[in-house]
Amino acid sequence: MSAPPLPSGSPGGPQQQSTFFLDPRGRLRPGLRALFFLLPGFVIFVLLHALIYGVLIHRTSFLTALTISRSLITLVLLLLSWAYLRGMDGRSFRALGLWFYRGWGRELFRGCALGFAMMALTVAALVAGRGVHYLGFNHGAAQLSLILLRTLALFLVGAAAEEVLFRGYGFQRLVDSIGAIGAVTVMSTFFGAVHIGNGSATALSTANTVLAGVILSLAYLRTRALWLPIGLHWAWNFFQGEIFSLPVSGIPFAKPLLRAVAVGPAWFTGGDYGPEGGLAVTVVALAGILWLARTRRLAPSPAMQEVLE
């Protein structure tokens, strides 16, 4: 009797010939999958925002227009991620790391706590160094409550959109292609570069935004899910802008909780760009990177480990 044929890919059996574009299994290489996701992803992010925000800003408020824009961008990026995971990877959408597995809420809460702690340390340094003074609360509690709820939603969908783009499918395939260090370096650099056009941006603000990208990338790598970086991103921006009343990446917000006045030098406080443009954030960000790189308190949930096997 003749021996049964060896399965494809086994030693001595027929194998798919690999090329520059295809891996030995006949699939597009991870680096190219990342590229083919990120190119349309960035186009979607920019064009959809310009289109939706440009139409809505004449019909509603700045906050509402921005919230709707970021919500639709998040939805489209999630659909694109699903299509790539199913079509190019042959994997479930759950591999993206944004589903309601057991422990997702704990990861989200830890991200929020870490984002708040880092921003609180930054503000404490600014106050102790006499870079920022607080003059009490803004008036109009009812109006303020409504604004806080609306900005809470804005910062949440804004964080989700940026995390799906910068720490989602494209970043994850880059990790497969060039390793974690290379992927963190590439995507954090892009993260800093897209903020160059923000008002009052400087070389220091760009460098700090790159460091923020490293922090958020490490938050994903620690859990292999997006809940921790989304919570961290949201809390950092929300507490910075609405609670501590400082500009967020060059964007000031009307009537936040407190009345803050930056009186110190811009190299320390960040000036009109906000704390992310000053050395206080540099120190806190480096401390955050060191903690995330060394901590044993964070690990992928069993559910995510099972999905990624």
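Using numbering that gives the first Met the number 0, you'd call the opening residue of the sequence shown number 0 and step up by one each time.
No residue lacks a Cβ here, since even glycine has one placed at the ideal position from N, Cα and C.
Only a predicted model underlies this, so the values are computations on that prediction, with no experimental measurement involved.
query, result
"What is the rounded straight-line gap between the Cα of Leu291 and the Cα of Ala123?", "21 angstroms"
"Look at the Cβ atom of Ser300, then the Cβ atom of Tyr100, and state whether they are nearer than 7 angstroms.", "yes"
"To the nearest angstrom, how far is the alpha carbon of Ser187 from that of Tyr272?", "19 angstroms"
"Mind checking which residues open and close the alpha helix (DSSP H) that includes Ala261?", "Element bounds for Ala261: not the alpha helix (DSSP H) but the beta strand (DSSP E), Leu257 to Ala261."
"From Tyr219, Ile229 and Val183, pick the residue whose C-alpha is nearest to that of Leu210; which is it?", "Val183"
"Please classify Phe99: does DSSP put it in a helix, a strand, or coil?", "coil"
"Does His194 come out as helix, strand or coil in the three-state DSSP assignment?", "coil"
"Under a three-way DSSP split, which group does His57 fall into?", "coil"
"Using the DSSP secondary-structure output, state which residues sit across from Phe136 in a beta bridge.", "Leu257"
"Mind checking whether Ser248 and Leu257 have CB atoms under 7 angstroms apart?", "no"
"Quick check on the burial criterion: 16 or more other C-beta atoms within 10 angstroms. Buried or exposed for Glu305?", "exposed"
"What's the call for Val213, buried or exposed, on a 16-neighbour Cβ count within 10 Å?", "buried"
"Restricting to Cα atoms, I'd like to know which of Thr73, Leu84, Met303 and Glu241 is closest to Phe136.", "Glu241"
"Which residues share a DSSP beta bridge with Ile250?", "Val247"
"Whole angstroms is fine: what's the gap from Ile51's alpha carbon to Val163's?", "19 angstroms"
"Based on DSSP bridge pairs, tell me the residues matched to Leu310.", "Here the chain comprises residues numbered 0 to 308, so residue 310 is not present and cannot be evaluated."
"Determine the burial state of Met228: buried for a count of at least 16 other Cβ atoms within 10 Å of its Cβ, exposed for fewer.", "Per the sequence shown, residue 228 should be read as Pro rather than Met. Pro228 should be labelled buried."
"When the Cα atoms are used, what is the spatial distance from Leu62 to His194?", "19 angstroms"
"Measure the alpha-carbon distance for Leu79 versus Arg32 and round it to whole angstroms.", "12 angstroms"
"How is Leu21 classed by DSSP in three states: helix, strand or coil?", "strand"
"Secondary structure at Leu113, three-state DSSP: helix, strand or coil?", "helix"
"Would Trp235 and Trp103 qualify as a contact pair, given that the criterion is a beta-carbon distance under 7 angstroms?", "no"
"For Gly230, does the count of other Cβ atoms within 10 angstroms reach 16, so buried, or fall short, so exposed?", "buried"
"Quick check: the Cα distance between Arg28 and Gly178, rounded to an integer number of angstroms?", "14 angstroms"
"Quick check: the Cα distance between Gly263 and Val131, rounded to an integer number of angstroms?", "7 angstroms"
"Does the distance from the C-beta atom of Gly310 to that of Arg295 stay below 7 angstroms?", "The chain is shown only over 0 to 308; residue 310 falls outside these bounds and no answer can be derived."
"Roughly how many angstroms lie between the CA atoms of Leu74 and Leu153, to the nearest whole one?", "14 angstroms"
"Any idea what DSSP makes of His225, helix, strand or coil?", "The identity of residue 225 in the sequence shown is Leu, whereas the question assumes His. Of the three classes helix, strand and coil, the one that applies to Leu225 here is coil, per DSSP."
"If you reduce the DSSP assignment to three classes, tell me which class Leu297 lands in.", "coil"
"Does Phe108 get closer than 7 angstroms to chain C when you measure Cβ to Cβ?", "The structure shown contains no chain C; it is built from a single protein chain."
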